[in-house]
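What follows is a set of notes on a single structure, which appears directly below.
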């Protein structure tokens, strides 16, 4: 079933050219952090363009539970009256983070060094995901955690009454883990140091600096060394959230595989730690161009134009690029199905522990639709059949995973027979306007019930 209700089966079928402008939602990563850093600041933070998907709304509700005043003014405009670093109150109720791994891990981090306790839960998917990757480094500050076997939710976090600063080497590239440790470091005395051997998305560092934290990043022999001075007074800001590159991936990739398509996706954040998919698509021969390149709020932004690309070729995706496109591999595998030859994707073990095992979910669904997929613990290879040659015709399991559901619906837009997903409900967690947006471009997506 979907994360917040009964299953919503959906079917996608081949259609005419996709054309027009796709106004995708605000960036989810920046939306989460805007609410959290606003809550940790002094004064009123104003936000425009906030993504109002369920994941972000769950984070807004959590910030209210910790004592911040969070107000929805309509149309993506929000305000947050913060309580300051160390000012969180103990919540009265369990914090339900729905389907959001990002939300729960960041919130755990930002309360971990305050002398309060909070219990976290989520939907069936989130409650099956490992939290030790965050609770282990948080324990170094003096935080305690008690959860189900395997470090799973529901879980109670007991914040450190007398936190100590830490020096932590992130073992697996993860912006969530890095961010949780940095947020915990805000209320610890002295300097907290996080070391990344592989760079991940850097929104937390950019936004902490914007809110007035003392934070530096150096490239050394160890990797990226991020040093945060604890116990600052964060100052309220105005945040204009750029559009989400992870959401842009779906209309962009659909346009590349549907004959005659020409789609403009404006105002997309092109932070180098997030734009790996677009680089990869261009290497495959995609007709994908950047227009009106500019900078907004410290983040590079451009309008993307994607046109039908009938001569895509399979490539070797560099393993070191994985962190910059980890959420986009499912829809990249769909594009790879329409390319000529093999697309090999190494260095992606993180996909095994997302909302679902995304490698396995896509492998099973692609194979059911006539595509050959090989995989290992941290790699997978899709053998493309070329434009017009993908059979389709199967119903795929979404595994409560929004990106899996949307990827298979994109697949069905260019297969010989329709493609269905058992539950499109989770799409609302990140891209609540996916159906009307794609329909407005010309896609044929229907619901099987209601």
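Numbering (UniProt numbering), first residue to last: 1 to 450. Using N, Cα and C, we set each Cβ at its ideal position, and we do this for glycine too. In this text the structure is predicted, and so the values were computed from the model without any measurement.
Check whether the Cβ atoms of residue 328 and residue 401 sit closer than 8 Å, and answer yes or no.
No, they are not a contact pair.
Which runs of the alpha helix (DSSP H) fall wholly inside the stretch 83 to 131 and span at least 4 residues, in chain order?
101 to 111
Please report the residue range of the alpha helix (DSSP H) in which residue 55 lies.
54 to 65 is the extent of the alpha helix (DSSP H) around residue 55.
Looking at the structure shown, is residue 352 part of a helix, part of a strand, or coil, going by DSSP?
helix
Which residue or residues does DSSP assign as beta-bridge partners of residue 344?
316 and 381
Given a cut-off of 8 Å on the beta-carbon distance, is the pair residue 114 and residue 82 in contact?
no
Measuring CB to CB, does residue 304 end up less than 8 Å from residue 248?
yes
Going by DSSP, which residues form a beta bridge with residue 447?
10
Do residue 427 and the ligand SAH come close, with the Cβ less than 7 Å from some heavy atom?
Among the components of this structure there are no ligands whatsoever, and the ligand SAH is therefore not found.
Taking the alpha-carbon of residue 111 as reference, which of 436, 37 and 282 has the nearest alpha-carbon?
Residue 37 is the option with its Cα nearest to residue 111.
In whole angstroms, give me the CA-to-CA distance for residue 441 and residue 218.
Pairing residue 441 with residue 218, the inter-Cα distance amounts to about 44 Å.
Are the CB atoms of residue 215 and residue 472 within a distance shorter than 8 Å?
Because the chain here runs from 1 to 450, residue 472 falls outside it and cannot be looked at.
In whole angstroms, what is the alpha-carbon distance linking residue 107 and residue 7?
28 Å
Do the stretch 261 to 281 and the stretch 142 to 152 touch if we need at least three Cβ pairs shorter than 8 Å?
no
Compare the C-alpha of residue 227 against each of 30, 237, 190 and 122 and name the closest.
190
Assign residue 309 to buried or exposed, taking buried as 16 or more other Cβ atoms, counted over all protein chains shown, within 10 Å of its Cβ.
Answer is buried; the Cβ neighbour count reaches 16.
Is residue 398 near residue 360, with beta carbons less than 8 Å apart?
No, they are not a contact pair.
At what residues does the alpha helix (DSSP H) containing residue 176 begin and finish?
175 to 185
Pairing CB atoms from the stretch 268 to 275 with CB atoms from the stretch 341 to 354, are three or more of them under 8 Å?
no
Compute the Euclidean distance between the alpha carbons of residue 109 and residue 78, then round it to the nearest angstrom.
23 Å
Starting from residue 166, trace the alpha helix (DSSP H) in both directions and tell me its first and last residue.
Residue 166 -> no alpha helix (DSSP H), and no H or E assigned at all.
Could you check the C-alpha separation between residue 122 and residue 103 for me, to the nearest Å?
In this structure, the CA atom of residue 122 is about 10 Å from the CA atom of residue 103.
In the structure shown, what three-state DSSP assignment does residue 1 receive?
With a pLDDT of 35 at residue 1, under the threshold of 50, the modelled position of that residue is not reliable, and the figure given next carries that caveat. Looking at residue 1 - three-state DSSP - the assignment turns out to be coil, as it is neither helix nor strand.
Can you find the residues in the same chain that come closer than 7 Å, C-beta to C-beta, to residue 330, ignoring five residues on each side of it along the sequence?
Cβ within range, chain order: 358, 362, 403, 404 and 407.
Quick one: what does DSSP say residue 428 is sitting in, helix, strand or coil?
Here DSSP, grouped into helix, strand and coil, assigns residue 428 to helix.
Could you tell me the alpha carbon to alpha carbon distance between residue 80 and residue 203, rounded to whole angstroms?
Inter-residue distance for residue 80 and residue 203 is about 19 Å (C-alpha atoms, whole angstroms).
From residue 169 to residue 387, what distance separates their C-alpha atoms?
44 Å
Using DSSP bridges, identify the partner residues of residue 238.
46, per the DSSP bridge assignment.
Quick check on the burial criterion: 16 or more other C-beta atoms within 10 angstroms. Buried or exposed for residue 161?
exposed
With a threshold of 7 Å on Cβ separation, who are the neighbours of residue 19 within its own chain once the five nearest residues in sequence on each side are excluded?
Same-chain partners within the cutoff: 261, 262, 263, 441 and 442.
Go ahead and label residue 92 buried or exposed: buried means 16 or more other beta carbons lie within 10 angstroms of its beta carbon, across all protein chains shown.
exposed
Starting from residue 371, follow the alpha helix (DSSP H) in both directions and report where the run begins and ends.
Counting along the chain, residue 371 falls outside any alpha helix (DSSP H), and DSSP gives it neither H nor E.
Can you tell me whether DSSP reads residue 193 as helix, strand or coil?
strand
Which residues bound the beta strand (DSSP E) around residue 21?
Note, residue 21: beta strand (DSSP E), 19 to 21.
Between which two residues does the alpha helix (DSSP H) containing residue 439 stretch?
Judged by DSSP secondary structure, residue 439 falls within the alpha helix (DSSP H) whose first and last residues are 434 to 441.
Can the beta-carbon of residue 251 be found less than 8 Å from the beta-carbon of residue 438?
yes
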